[in-house]
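Engineer: Sequence lines, in order, name chains Y and C.
Residue numbers for the first sequence follow our numbering, beginning at 155 and rising by one.
Residue numbers for the second sequence follow our numbering, beginning at 11 and rising by one.
One structure, pasted below without further comment.
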Amino acid sequence: MIENGTFKPVIVGFLCNWCSYRAADLAGTSRMGYPSTLRDIRIMCTGRLDPTFVLRALQKGADGVLIMGCHPGQCHYQAGNYKAIRRFALLKRTLRQLGLEEERVQLHWASAAEGVQFAETVARMTEQIKALGPLDWSHNWPNEDPYAVEEATE
Amino acid sequence: MTQKPKLALYWASSCGGCEIAVLGLHEKILDVAAAFDIVFWPCVMDFKYADVEAMEDGEIDVCFFNGAIRNDENAHLAHLLRRKSKVLVAFGACAFGGSMPGLANFYDRDTMFNWIYMDSPTTINPDKVLPQKRYDTPEGELVLPGFWNTVKTLAQVVPVDYFLPGCPPEAQSIEAAVTAIVAGELPPPGSVIGSDVTVCDECKRTKTEKKIKRFYRPQEIIPDPDICLLEQGLFCAGIGTRSGCGAKCPAVGMGCRGCYGPNEGVLDHGAKILTGIASAIDAETAEEVEIILDTLPDPAGYFYRFHLPDSLLRRKARKNGKKQMDGGPQ
Ligand code: FES
């Protein structure tokens, strides 16, 4: 997103209900300052995160995706975040092959008490993505079909 | 005598396997010839594009269109046949999802041209001649179809009525489609003609909990004939792939390649296979996971083998038209 001529990243956040979403709440109620770049979506657990969600966000115009959940060993469904670790590792390798910079999709942990860590993570990621610039994924395939142009102007 | 419905078959960017698959109907091909009046089939009979252009709009009853769209000629015929056909079927994995030609979306035109016409060890091209769209000769101007940076599926170029998955579609799938068309019992437009379970459902191998410590390439082990291939560490896309093929590949010890594409309601074939494969990994820490994943080269190539152009991200990033430095199939 370009605001007043400067690039302000749009980061889609998938936060687990039991830890990181509460960390975000805590950051808010404690009036901690952090950049307003995150659009957070509450999911019940990072184990619910289908990689399709991440791809969809990038395809629809997000500049980055931040996934946050409970620390390993503290998932409220026992093993959801271990599943997330495995999927994330494989997703990262896949996205690297698709030419996406490492910093654009990140996985972090924050417990319900870690409002500060949450705010710092968002701030850090915002800076990293600012340095990379806009993603604009759908600009990767401009129209190359001369016949489509013809039909549209007919 | 009532007129037979008119059938057209076309190949865009494809290998010709779909044409073979139609001939693979064996004696049933005679039923097709008896039921339809074949008005266009460049692979098998002599027709010219001008013959199609001379037809009325909507004159062709059914067109089986195979192949992906990667150049101006493919697109020209896609638009032309769409106009001339009542029912347009994306026939096979290339027309449906991009398939093998679609793997070119890991690259772009310049990278491919440089490799194919300059750098590959078997090429001698001292004058650095590259394909041109136009070329003037004393006899007149010659024109070649423009080559695209991004391979597209048929449905990304024109509206498609039905999708017939498979690389190539199995004879039973083609038969089902032909029978439905002849009987006038077609599913709602936009449907995929196939099953709505996954390959695992049709696969006869014994499945228990999947816990794998490493992946193997098919040439590295001789798999047990009865146990799930993924449980033995062999990559298998069956877990996230539509069935309808009869699970023939796993039956003979080869993991599903994923050619029937995503199942009903799935937005991204690769993401579903990825999820399934990740769940089979037996590790709890990121470090352990990485060690296991080092035994699975080219994951994106595995996950998007047949549906990269049709996936949510469609292709590798092309920043300002320049290729990026890292990534790409290994
Ligand atoms: S509940 Fe927070 S990661 Fe599972």
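Every residue, glycine too, gets a C-beta built ideally from N, C-alpha and C.
How is residue 138(C) classed by DSSP in three states: helix, strand or coil?
Structural biologist: coil
Engineer: Apply the 10 Å Cβ neighbour rule to residue 336(C) and answer buried if 16 or more other Cβ atoms are within range, or exposed otherwise.
Structural biologist: For residue 336(C), the predicted structure reports a pLDDT of 39, less than 50, and the residue's modelled location is therefore unreliable. The matter cannot be settled from this model.
Engineer: What would DSSP say about residue 313(C), mapped onto helix, strand or coil?
Structural biologist: helix
Engineer: If you draw a straight line from the alpha carbon of residue 242(C) to that of residue 222(C), how long is it in whole angstroms?
Structural biologist: 7 angstroms
Engineer: Helix, strand or coil for residue 210(Y) per DSSP?
Structural biologist: helix
Engineer: Chain C partners of residue 288(Y), CB-CB under 8 angstroms?
Structural biologist: Chain C residues near residue 288(Y): none, gap ~10 angstroms exceeds 8 angstroms.
Engineer: For residue 330(C), which residues in the same chain have their Cβ closer than 6 angstroms to its Cβ, ignoring the five residues on either side in sequence?
Structural biologist: Unreliable placement is indicated for residue 330(C), whose pLDDT of 47 sits below 50; no coordinate value is reported for it.
Engineer: How far does the beta strand (DSSP E) with residue 222(Y) in it reach, from first residue to last?
Structural biologist: Under the DSSP assignment, residue 222(Y) falls in the beta strand (DSSP E) whose first and last residues are 218–223.
Engineer: Considering only C-alpha positions, which residue in the set 106(C), 148(C), 151(C), 161(C) is nearest to residue 296(Y)?
Structural biologist: 161(C)
Engineer: Of all the CB atoms in chain Y, is at least one closer than 9 angstroms to the CB of residue 125(C)?
Structural biologist: no
Engineer: To the nearest angstrom, report how far apart residue 275(Y) and residue 115(C) are at their CA atoms.
Structural biologist: 33 angstroms
Engineer: Might you give, ordered along the chain, the residues of its own chain that have their beta carbon closer than 7 angstroms to the beta carbon of residue 207(C), omitting 5 neighbours on each side?
Structural biologist: 253
Engineer: At a CB-CB cut-off below 7 angstroms, which residues of chain C make contact with residue 220(Y)?
Structural biologist: The contacting residues do not exist; residue 220(Y) stays about 17 angstroms from chain C at best.
Engineer: Which residues, taken in chain order from the segment 253–264 of chain Y, show a beta carbon closer than 7 angstroms to some beta carbon of chain C?
Structural biologist: Within the segment 253–264 of chain Y, the qualifying residues are 253, 254.
Engineer: Alpha carbon to alpha carbon, how far is residue 210(Y) from residue 246(C)? Give it in angstroms, no decimals.
Structural biologist: 24 angstroms
Engineer: Counting only the same chain and skipping the five closest in sequence on each side, list residues whose C-beta sits under 6 angstroms from that of residue 258(Y).
Structural biologist: 218
Engineer: Using the beta-carbon of each residue, which ones in chain Y are nearer than 9 angstroms to residue 324(C)?
Structural biologist: 213, 291, 292, 294, 295
Engineer: Since residue 170(Y) sits in a beta bridge, which residues does DSSP pair it with?
Structural biologist: For residue 170(Y), DSSP records a beta bridge to 197(Y).
Engineer: Considering only the alpha carbon of each residue, which of 302(Y), 194(Y), 187(Y), 225(Y) lies closest to residue 294(C)?
Structural biologist: 225(Y)
Engineer: Would the segment 172–188 of chain Y and the segment 242–249 of chain Y be scored as touching if the rule is three or more Cβ pairs under 8 angstroms?
Structural biologist: no
Engineer: With DSSP as the reference, please indicate the residues paired to residue 16(C) in a beta bridge.
Structural biologist: 47(C)
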